Amino acid sequence: MPDSFLATEFWVAVLQIIMIDIVLSGDNAVVIALACRNLPPEQRRKGIFWGVTGAVGLRVVLTMLAALVMNLPWLKFVGGLLLLWIGVKLLVPEDEDGHDISPASHLWGAVRTIIVADFVMSLDNVIGVAGASHGNLFLLIFGLLVSIPLIVWSSQIILHLMERWPVVVVIGAGLLGWVAGTMLWSDPALADWVSGAPSWAGIAVPAIFTLFVVGLGKWLEQRSLRRRDVTIE
């Protein structure tokens, strides 16, 4: 599909996939570090490599399956609603013990821990990336091939950037809101209703959901921080 490389929409979608993967993979990077921290130094790199290889392979298969079924009626709608919740949750602070991962003392134990934990935690990535690909498998694979190495080799830098500039997380949550709105609006089950709507509605709906995710997420974040301050006092 070489002509796709010349289309602006293709590169916009690729950037969306990369951004979604980066923002939603912070937890996965932490799990990798926790699972391998008790390994001997000479085995840590092997544990990270094989664990990430297995986790990435599983994620690619799951994402391809999700993209293939996204055109069934109501699946985009349900996936969009779930993506709204994921975007809001991204802005709400987690508990201090949010990563209850037992470190493994041997190589394949660490690999197994990484793959299982990544499978459980990757539902948000799968739905977000599948939605951003709009069912285009070529775009999906290209986006994953670009973003996954970036995540693997720069996960600690990404975590540092998120801690230093929280606006990166806010932008990512807003992007999830935009993708969710696009999924909801493009569900085949709503095609007859959408066809009678004005043309600007296709932009207005994702924009509204972007503001909704950021607004609700920030409000819940402030409420959570106030509750935590009261508990500490």
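The numbering of the sequence shown is this note's numbering, which starts it at 272 and goes up by one. We put the CB at the ideal spot given by N, CA and C, even for glycine. Keep in mind it's a predicted model, so treat the numbers as computed, not measured.
With distances taken between CA atoms, residue 353 lies nearest to 452 out of 457, 462, 452 and 459. Counting along the chain, residue 312 sits inside the alpha helix (DSSP H) bounded by residues 312-340.
In summary, residue 287 is buried, with 16 or more beta-carbon neighbours lying within 10 Å of its beta-carbon over all protein chains present. In the structure shown, residue 468 adopts coil according to DSSP, grouped into three states. Annotation: residue 436 is outside any alpha helix (DSSP H) and is labelled neither H nor E by DSSP. Under the three-state reduction of DSSP output, residue 344 falls in the coil class, being neither helix nor strand. Contact annotation: residue 414 and residue 285 have beta-carbon atoms nearer than 7 Å.
In this structure, the beta-carbon distance from residue 325 to residue 448 does not fall below 7 Å. In this structure, the beta-carbon distance from residue 410 to residue 492 does not fall below 7 Å.
One alpha carbon belongs to residue 458, the other to residue 501, and they sit about 44 Å apart.
Around the beta carbon of residue 480, a 10 Å sphere encloses 16 or more other beta carbons of the protein chains shown; the residue is thus reported as buried. Exclusion of the five residues before and after residue 347 leaves 341, 402, 454, 455, 457, 458 and 459 as the residues of its chain whose Cβ lies within less than 8 Å of its Cβ. In the three-state DSSP reduction, residue 495 falls in the helix class (H, G or I).
Just measuring C-alpha positions, the residue of 338, 381, 331 and 333 sitting nearest residue 314 is 381. With 16 or more neighbouring CB atoms inside 10 Å of its own CB, residue 330 falls in the buried class.
Nearest neighbour of residue 307 by Cα position, chosen from 337, 377 and 484, turns out to be 377. Pairing residue 483 with residue 343, the inter-Cα distance amounts to about 26 Å. Here DSSP, grouped into helix, strand and coil, assigns residue 283 to helix. A check of alpha carbon separations from residue 280 across 405, 319 and 398 identifies 405 as the nearest.
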